[in-house]
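Chains as they are written, first to last, in the working numbering: chain R, 4 to 262; chain Y, 4 to 262.
Heads up, the beta-carbon is just placed ideally off N, CA and C, and yes, glycines get one too.
Number of protein chains: 2
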Amino acid sequence: MKIAITGKGGVGKTTLASLLSHLYAAEGRRVIAVDADPDANLASALGIPRDKAEKIRPISDMAELIEERTGAKPGTMGSIFRLNPRVDDLPEGIGYRLDGITLLIMGKSKAAASGCYCPENVLLRRLIRHLIVERDEVIIVDMEAGIEHLTRGTAESVDAFIVVVEPGQRSMQTAKAVREMARDLGVKKVFVVANKLRGPEDLDFIKNNIGDMELIGSLKFNHGIMEADIRGSAPFDYSPETVDEVRDLKNRIEKYFYP
Amino acid sequence: MKIAITGKGGVGKTTLASLLSHLYAAEGRRVIAVDADPDANLASALGIPRDKAEKIRPISDMAELIEERTGAKPGTMGSIFRLNPRVDDLPEGIGYRLDGITLLIMGKSKAAASGCYCPENVLLRRLIRHLIVERDEVIIVDMEAGIEHLTRGTAESVDAFIVVVEPGQRSMQTAKAVREMARDLGVKKVFVVANKLRGPEDLDFIKNNIGDMELIGSLKFNHGIMEADIRGSAPFDYSPETVDEVRDLKNRIEKYFYP
């Protein structure tokens with residue numbers, strides 16, 4: 004199962020990606036968590052200490068390794084670059100392992116004015132497509148904020164998008180844009196997760212604004228998430244109520260895919 | 004004065020950009036507010052009704068007009084494209100006017116998998132550089148979340164970055180990346196605005212983590228901002244406490260530039 008988590012900036016994508024990763028791993032499933040945002044912070048949300056996180060080799064550095072295997076020349080990634088089947092074993096060799104989760108980081112900050120992240124996105128798109136998952140394996144991709152990854156088609160091969168929203172029109176606008184483009188990309192399912200709910204009226208607002216998208220879970224507003232971020236701790240270890248809520252939505256996703 | 008507002012997704016960039024724009028305009032200054040995020044929502048935060056916001060022509064559509072004036076061919080923007088001096092009058096002709104603010108929108112969502120926003124960013128970079136501001140004019144650019152705009156150099160010609168942070172290590176990491184790259188871009192000043200403060204310990208956390216960046220203002224956690232977003236209203240009309248706090252930080256910015 005391949006899932007991409009998307010939405011407006013700050014709605015809670017990375018928190019949700021970290022909690023789903025830990026919950027699946029706790030069940031003994033093999034999890035590949037992908038941080039697709041160059042302003043990467045999934046490592047921190049998973050609870051990886053900063054000194055270790057800084058040493059993780061980003062996917063963008065894999066170009067050289069992949070060149071060894073495929074013969075593709077650097078600079079040709081956008082057009083004639085191909086990943087051969089042996090890319091399937093790359094995550095184990097490259098990613099950072101933590102409690103049954105393999106974390107892949109797309110890229111870190113580069114030099115100022117050194118260019119866009121298009122090559123990294125092309126590489127990631129092909130990697131996500133070529134990763135073959137068994138039934139007990141889960142790939143969770145924490146997308147960059149906003150919609151550019153959709154115009155780039157980075158996550159076009161996932162089974163579902165989860166779009167996180169919060170009470171407010173701005174994140175709903177992003178959700179609608181995600182849904183439109185997901186359909187055009189051929190991604191069949193877009194789930195909505197309602198986050199930062201302060202009461203039933205917030206949930207009503209979201210239900211009234213998601214159109215025909217399916218609400219798969221709702222998470223209460225929780226200052227514990229901010230506390231975890233202040234301490235650099237994993238929300239998984241620090242916010243038990245939110246963990247329970249995410250477990251419920253995970254079970255609903257399971258029922259959808261394996262009824 | 005040209006200011007770019009930046010930071011991790013969801014920290015409050017758009018809210019701050021809208022409040023600064025309204026405050027400067029209320030003083031009778033000419034304000035050009037630029038929404039540089041393709042997942043645009045500055046129009047909503049400024050209080051422009053959705054039906055009108057949807058009709059605003061984005062900067063990305065200006066390519067044709069600029070071609071008329073410069074002879075630059077579409078598709079050549081990244082390399083030999085030039086804006087001639089007459090670009091200075093474009094905002095008045097193209098932007099949406101509201102209460103003394105001219106709003107420019109970089110781009111709207113394009114078709115899925117239609118490509119990146121690199122051409123739009125190149126166009127915007129040149130536009131920001133070529134806009135000549137008088138002392139009483141203010142350009143406020145609401146950047147996209149994260150750091151890709153810095154590797155693209157979109158806002159390289161601004162006088163200052165304001166990086167918005169919230170209590171938490173993740174937004175501090177983004178702030179540090181912004182500061183590093185701002186220096187490399189030649190942007191001399193990076194101000195920090197601390198947002199979503201729940202008490203003095205949150206402010207202490209931020210002060211202890213910003214290194215040598217200058218804290219220019221702090222904004223208390225305010226559910227009224229979320230309420231404004233739910234109603235599609237401008238925080239300027241809906242959150243008087245936050246407006247007062249932003250007025251204070253605006254005055255401090257003024258003192259820095261015109262001591």
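Contact residues within the stretch 157-185 of chain R, judged by C-beta distance below 7 Å to chain Y: E159, P170, G171, Q172, R173, Q176, T177, A180 and M184
Same chain only: Cβ atoms within 8 Å of M175(R), ignoring 5 sequence neighbours per side: Taking the first sequence and counting its residues from 1, one reaches residue 175(R) at position 172. Answer for M175(R): V168, I209, N212 and I213, listed in chain order.
S242(Y) - DSSP class collapsed to helix/strand/coil: Within the second sequence, residue 242(Y) is the residue found at index 239, counting from 1. Here S242(Y) carries a coil assignment [DSSP, helix/strand/coil].
Validate contact between the stretch 103-112 of chain Y and the stretch 26-40 of chain Y using beta carbons, cut 8 Å, 3 pairs: yes
At least 3 beta-carbon pairs within less than 8 Å: the stretch 232-241 of chain R vs the stretch 253-262 of chain R: no
Helix, strand or coil at R60(Y) [DSSP, three-state]: For this step, residue 60(Y) is matched to residue 57 along the second sequence. Residue state, collapsed to three classes: coil.
Neighbour list for N44(R) in chain Y, Cβ cutoff strictly below 7 Å: Position 41 of the first sequence, counted from the first residue, corresponds to residue 44(R). Result: R173 and Q176.
Beta-ladder partner(s) of D145(R), from DSSP: In the first sequence, counting from the first residue as 1, residue 145(R) sits at position 142. For D145(R), which the question treats as bridged, DSSP gives the partners I8(R) and D38(R).
Beta-carbon proximity check, L45(Y) vs D145(Y), cutoff 8 Å: Indexing the second sequence from 1 puts residue 45(Y) at position 42. Indexing the second sequence from 1 puts residue 145(Y) at position 142. Cβ atoms of L45(Y) and D145(Y): closer than 8 Å.
Run of the alpha helix (DSSP H) containing I1(R), from where it starts to where it stops: Limits of chain R in this structure are 4 at one end and 262 at the other, which puts residue 1(R) out of reach.
G81(R) burial status per 10 Å Cβ neighbour count (16 or more: buried): Numbered from its first residue, the first sequence carries residue 81(R) at position 78. Per-residue confidence for G81(R) stands at a pLDDT of 31, beneath the threshold of 50, marking its modelled position as unreliable; the derived number appears in the next sentence. Around the beta carbon of G81(R), a 10 Å sphere encloses fewer than 16 other beta carbons of the protein chains shown; the residue is thus reported as exposed.
Chain-ordered neighbours of P61(Y) on chain R, where CB pairs are closer than 7 Å: In the second sequence, the residue the question calls residue 61(Y) occupies position 58. Those within 7 Å of P61(Y) in chain R number zero; the least Cβ separation is about 13 Å.
Beta-carbon proximity of A43(Y) to D187(R), cut-off 8 Å: Position 40 of the second sequence, counting from 1, holds the residue named residue 43(Y). Position 184 of the first sequence, counting from 1, holds the residue named residue 187(R). Not a contact, by the Cβ cut-off of 8 Å.
Contained beta strand (DSSP E) runs [length at least 3] in the stretch 124-209 of chain Y, N- to C-terminal order: Taking only runs of at least 3 residues, the beta strand (DSSP E) segments lying wholly in the stretch 124-209 of chain Y are 140-145, 163-168 and 192-200.
7 Å Cβ cut-off: residues of chain R touching Y99(Y): As a working mapping, residue 99(Y) is identified with position 96 in the second sequence. Under the 7 Å cutoff, chain R gives no residues; its nearest Cβ is about 17 Å from Y99(Y).
Rounded distance between the beta-carbons of I59(Y) and L130(Y), thought under 8 Å: For the purposes of this step, residue 130(Y) is taken as the residue at position 127 of the second sequence. For the purposes of this step, residue 59(Y) is taken as the residue at position 56 of the second sequence. At roughly 16 Å, the Cβ-Cβ gap does not stay under 8 Å, so L130(Y) and I59(Y) are not in contact.
Reference S2(R), options L200(R), D240(R), G227(R) and E204(R), closest by Cα: Nothing can be reported for residue 2(R), as the shown portion of chain R is limited to 4 through 262.
Beta-carbon neighbours of E123(Y), restricted to chain R and to distances below 8 Å: Residue 123(Y) sits at position 120 when you count from the first residue of the second sequence. The premise fails here: E123(Y) is roughly 10 Å from chain R at the closest Cβ pair, so nothing lies under 8 Å.
Listed by chain order, chain R residues near M229(Y) by CB distance under 7 Å: By 1-based counting over the second sequence, the position of residue 229(Y) is 226. The contact set of M229(Y) on chain R, defined by CB atoms closer than 7 Å, consists of P170 and G171 in chain order.
G10(Y) and V166(Y) closer than 8 Å at C-beta: Start at 1 with the first residue of the second sequence, and residue 10(Y) comes out as number 7. Start at 1 with the first residue of the second sequence, and residue 166(Y) comes out as number 163. Yes, the Cβ-Cβ distance between G10(Y) and V166(Y) is below 8 Å.
In DSSP terms, what T18(R) is bridged to: Within the first sequence, the letter at position 15 stands for residue 18(R). Answer by DSSP bridge pairing: none, since T18(R) is not bridged.
Rounded straight-line distance, which links the Cα of A48(R) to that of M229(R): Position 226 of the first sequence, counting from 1, holds the residue named residue 229(R). Position 45 of the first sequence, counting from 1, holds the residue named residue 48(R). Between M229(R) and A48(R), the C-alpha separation is close to 11 Å.
Interface flag, G214(R) vs chain Y, CB-CB below 8 Å: Position 211 of the first sequence, counted from the first residue, corresponds to residue 214(R). Not closer than 8 Å to any Cβ of chain Y, the Cβ of G214(R) fails to qualify, so no.
Strand pairing of G98(R), partner residues [DSSP]: Mapped onto the first sequence, residue 98(R) falls at position 95. DSSP, once it has assigned bridges, lists no residue as partnering G98(R).
8 Å Cβ cut-off: residues of chain R touching L126(Y): Here residue 126(Y) refers to the residue found at position 123 of the second sequence. In chain order: nothing, as chain R lies at least about 14 Å away.
Per-residue contacts from L222(Y) into chain R (C-beta, under 8 Å): Locating residue 222(Y) in the second sequence gives position 219, counting from the first residue. Simply none; closest approach about 15 Å.
Alpha-carbon spacing of V196(Y) relative to P203(R), whole angstroms: Position 193 of the second sequence holds residue 196(Y). Position 200 of the first sequence holds residue 203(R). Distance between V196(Y) and P203(R), taken at the CA atoms: about 32 Å.
Cβ separation of P170(R) and D215(R), assumed to be a contact under 8 Å, to the nearest whole Å: As a position in the first sequence, residue 170(R) is number 167, starting the count at 1. As a position in the first sequence, residue 215(R) is number 212, starting the count at 1. Separation of the CB atoms of P170(R) and D215(R) is rounded to 20 Å, and the pair is thereby denied contact status at 8 Å.
Bridge-paired residues (DSSP) for E217(Y): The count along the second sequence starts at 1 and reaches residue 217(Y) at position 214. Bridge partners of E217(Y): F194(Y).
A48(R): first and last residue of the uninterrupted alpha helix (DSSP H) it sits in: Position 45 of the first sequence, counted from the start, is the residue given in the question as residue 48(R). Run containing A48(R): L45 to L49, per the alpha helix (DSSP H) assignment.
8 Å Cβ cutoff, F260(Y) in contact with chain R: Taking the first residue of the second sequence as position 1, residue 260(Y) is located at position 257. It does not: the Cβ of F260(Y) has no partner Cβ on chain R nearer than 8 Å.
Check whether I143(R) and I51(R) have beta carbons under 8 Å apart: Within the first sequence, the letter at position 140 stands for residue 143(R). Within the first sequence, the letter at position 48 stands for residue 51(R). Against a cut-off of 8 Å, the Cβ pair of I51(R) and I143(R) comes out as no contact.
Inter-residue CB distance, G13(R) and V14(Y) (contact presumed, cutoff 8 Å): To locate residue 13(R), count along the first sequence from 1; it is residue 10. To locate residue 14(Y), count along the second sequence from 1; it is residue 11. 6 Å between Cβ atoms; contact.
Own chain, CB closer than 6 Å to Y99(R), minus 5 neighbours either side, in chain order: Translated into positions along the first sequence, residue 99(R) becomes position 96. Cβ neighbours of Y99(R) beyond the five flanking positions: I59 and L106.
Proximity test, Cβ basis, 8 Å: G149(Y) and chain R: Here residue 149(Y) is taken as the residue at index 146 of the second sequence, counted from 1. So yes, G149(Y) belongs to the interface.
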